[in-house]
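A.B. asks: Okay, handing you the structure first.
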Amino acid sequence: MSEAATGSTAANGGSDPLEWQFLQCFGERTPGEEIQEADIISAVTFDHTGQHLATGDRGGRVVLFERVPTQAKAAGADQRATPASRLSSFEYRYLTEFQSHEPEFDYLKSLEIEEKINKVKWCRTSCGSRMLLSTNDKTIKLWRVGDRKITGVEKIMQARCRRVFGNAHTYHINAISISSDQETFISSDDLRVNLWHLDHTNQSFNVVDIKPPNMEDLTEVITGADFHPSHCNLFAFSSSKGSIRVADMRSSALCDKSARSYEEAQSTGSKSFFSEIISSVSDMKWSSDGRYILARDYMNLKLWDLNMESAPVVTYSLCDLYENDCIFDKFDCAISGNGQYVTTGSYNNFLKVTGRQGGPETIVEASRDPLRKRLQPQAKVSSRFGLNRGASKRLTTPAPAEQDAGNTDFSEKLLHLAWHPEANLIAAAASNSLYMFCAK
């Protein structure tokens, strides 16, 4: 399952399953080691070239890694030798880290503002320095990271906060996204999406506002927003109702009324408290060509074609409903750079990778032996992944490890991940550990 039933690569047939291998790990835990809350990773993202990787954590820190030729030993906290058969042509090494946000207190609202990093996004730059945006619940910051020369001493890496974008969101910021022109970015909270210019911190424009006149009439909230990869006038935003809207800023100042809505028809059965929660979109990603959107809710991964608003091209069922607090967990999703594969995290620290037009699901565990609990290939895969134009295929076969909820460890959850934009390499955060897996 990937971009669509028809498209530039559809003629190639099904996608062959990838053989995933452990590449390296940063911050690997020892058995029984206590995890500090501040060390838990809350955001993972590559830059547009894959040359750099950034993570944010609950302690308000941003950690940067850079791509280097493969060494005899993996970099960073992982110092054990890696078998030659598992080496890729490159790996990542620790570059620098900095404190992006500090805990604050809003005295006007008597509200404590956590330092936790919600999102990190790289900016494209023509100079040698690296620029990125980071945000917690209330404040967005633009950082420049570069070498600093000190007389008589070798160069050191230093991060400087260039701009602070604040006081524009009443509710918690859940997403930031930089436009393809690299001049503007959007930020979203529960009820609004704001448009910013990277050079102006004192002014933003409200482009989406779903706040009703009476808050008692509120039926949905915004869960995320993302710019189109190549058209700076288009962006998508998702909601707690399971819908995705694509807006064109050329149409009107406020885009929520004119946006195209992608939403699956609700079943005739009665809605319950649980059904509304599990339909909320926790993450969405554009395909690299901008024609498709991958969306993750609690139970499903859905692929939408922009030319078909009535139903997703593919719906892939991930798990059964667990009636506990875990239904509030928000999992990331990602599309490979070539659009041939999609992935998302799950419980038991599992990562699920699915081919686009054929082939079995692969389960990768966040460990040094990632395939020890993988799903064996199905005898018939065409019925699971074969796509008919205009029809949605619901893939319902659960992974063996998750067929019984009793086998599920809800404390081990792989929430945050990113796919390298050019290579078959996934960076996945399991609590405070950052695992990297590669495939050929």
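Letter by letter, the sequence shown follows residues 105 to 544 of the working numbering. Backbone N, C-alpha and C fix where the C-beta goes; we use that ideal spot for every residue, glycine too. Note that this is a predicted model, so its numbers are computed, not measured.
(1) Do VAL148 and ALA533 come within 8 Å of each other at the CB atom, strictly closer than that value?
(2) Helix, strand or coil for ASN511, going by three-state DSSP, please let me know.
(3) Quick one: Cα of PRO502 to Cα of GLY459, how far?
(4) Can you list, in chain order, the residues of its chain with a C-beta nearer than 8 Å to that of TRP247? Leave out the 5 residues immediately preceding and following it.
(5) With DSSP collapsed to three states, give me the class of MET319.
(6) Let me check understanding here. Comparing Cα to Cα, which of LEU455, ARG472, ASP473 lies closest to GLU516?
(7) Counting along the chain, where does the beta strand (DSSP E) carrying TYR420 start and finish?
(8) Write down every uninterrupted run of the beta strand (DSSP E) in the stretch 116-161 whose length is 3 residues or greater and which is fully enclosed by it, in chain order.
(9) Using a 10 Å radius around the Cβ and a threshold of 16 neighbouring Cβ atoms, would you call ALA369 buried or exposed?
(10) According to DSSP, simplified to helix, strand and coil, what is ILE290?
(11) Check whether the stretch 334-342 and the stretch 279-291 are in contact - that is, three or more C-beta pairs closer than 8 Å.
(12) For GLU469, count the other beta carbons within 10 Å of its own beta carbon; 16 or more makes it buried, fewer makes it exposed. Which is it?
(13) Flag this pair as touching only if the stretch 353-363 and the stretch 388-406 have three or more C-beta atom pairs under 8 Å; answer yes or no.
(14) Could you round the C-beta distance between LEU299 and ILE290 to whole angstroms and report it? I think they count as a contact, below 8 Å.
(15) Which residue wins for smallest C-alpha separation from SER365, given the options ASP293, ASP387, ILE397?
(16) Tell me the DSSP secondary structure of SER365 in three-state form.
(17) Just to confirm my understanding: we take ALA438, look at its own chain, exclude 5 residues before and 5 after, and list those with CB closer than 8 Å. What are they?
(18) If you count every other CB in all the chains shown that lies within 10 Å of the CB of GLU123, and 16 or more means buried, which is it?
(19) Tell me whether HIS273 is buried or exposed, calling it buried when 16 or more other Cβ atoms sit within 10 Å of its Cβ.
(20) Please classify HIS301: does DSSP put it in a helix, a strand, or coil?
(21) Using only alpha-carbon positions, find the residue among CYS231, LEU215, THR159 that is nearest to TYR196.
(22) Could you compute how far the alpha carbon of ASP352 sits from the alpha carbon of ALA340?
(23) With DSSP collapsed to three states, give me the class of CYS227.
(24) Quick one: what's got a C-beta closer than 8 Å to THR466's C-beta in the same chain, skipping five residues either side?
(25) Does the beta-carbon of SER193 have 16 or more other beta-carbons within 10 angstroms, so that it is buried, or is it exposed?
(26) I believe VAL268 touches THR243 by the beta-carbon criterion, under 8 Å. Please report the beta-carbon distance rounded to the nearest angstrom.
(27) Taking only three categories from DSSP, how would you classify GLU201?
(28) What's the call for ALA142, buried or exposed, on a 16-neighbour Cβ count within 10 Å?
(29) Please tell me whether TYR451 and ASP387 are closer than 8 Å, where the distance is taken between their beta carbons.
(30) Are there 16 or more other CB atoms within 10 angstroms of the CB of TYR211, so buried, or fewer, so exposed?
(31) State the start and end residues of the unbroken beta strand (DSSP E) segment that holds GLY441.
(32) In whole angstroms, what is the alpha-carbon distance linking ASN306 and THR288?
(33) Below 8 Å on the Cβ atoms is my contact criterion, and I expect PHE435 with ILE381 to pass it. Report the Cβ-Cβ distance as a whole number of Å.
(34) Buried or exposed, going by whether 16 or more other CB atoms sit within 10 Å of the CB of VAL172?
(35) Does the beta-carbon of TYR420 have 16 or more other beta-carbons within 10 angstroms, so that it is buried, or is it exposed?
C.D. replies: Reading it off the structure:
(1) yes
(2) ASN511 falls in the helix class under three-state DSSP.
(3) At PRO502 the pLDDT is 42, less than 50, meaning the model places this residue with poor confidence; the figure from the coordinates comes in the next sentence. Distance between the alpha carbons of PRO502 and GLY459 is about 16 Å.
(4) VAL166, PHE202, SER204, MET235, LEU236, LEU237, SER238, ALA263, ARG264, CYS265, ARG266
(5) helix
(6) Per the Cα distances, LEU455.
(7) For TYR420, the uninterrupted beta strand (DSSP E) segment begins and ends at 418-421.
(8) DSSP runs (the beta strand (DSSP E)) wholly in the stretch 116-161: 124-130, 145-150, 156-161.
(9) exposed
(10) strand
(11) Yes, the stretch 334-342 is in contact with the stretch 279-291.
(12) buried
(13) With fewer than three CB-CB distances shorter than 8 Å, the stretch 353-363 does not count as touching the stretch 388-406.
(14) By a beta-carbon distance limit of 8 Å, LEU299 contacts ILE290. Their separation comes to about 5 Å.
(15) For SER365, the nearest C-alpha among the options comes from ILE397.
(16) Secondary structure at SER365: strand, using DSSP grouped into helix, strand and coil.
(17) LYS389, LEU398, VAL446, THR447, THR448, LEU521, ALA522, TRP523, ILE530
(18) exposed
(19) buried
(20) strand
(21) THR159
(22) 9 Å
(23) strand
(24) PRO121, LEU122, TRP124, LYS456, VAL457, THR458, LEU475, ARG478, LEU479
(25) exposed
(26) 6 Å
(27) strand
(28) exposed
(29) no
(30) exposed
(31) Segment: none, GLY441 is in no beta strand (DSSP E) and carries neither H nor E.
(32) Per the coordinates, the alpha-carbon of ASN306 lies some 14 Å from the alpha-carbon of THR288.
(33) In fact, because the Cβ distance is near 14 Å, the residues do not count as touching under 8 Å.
(34) exposed
(35) buried
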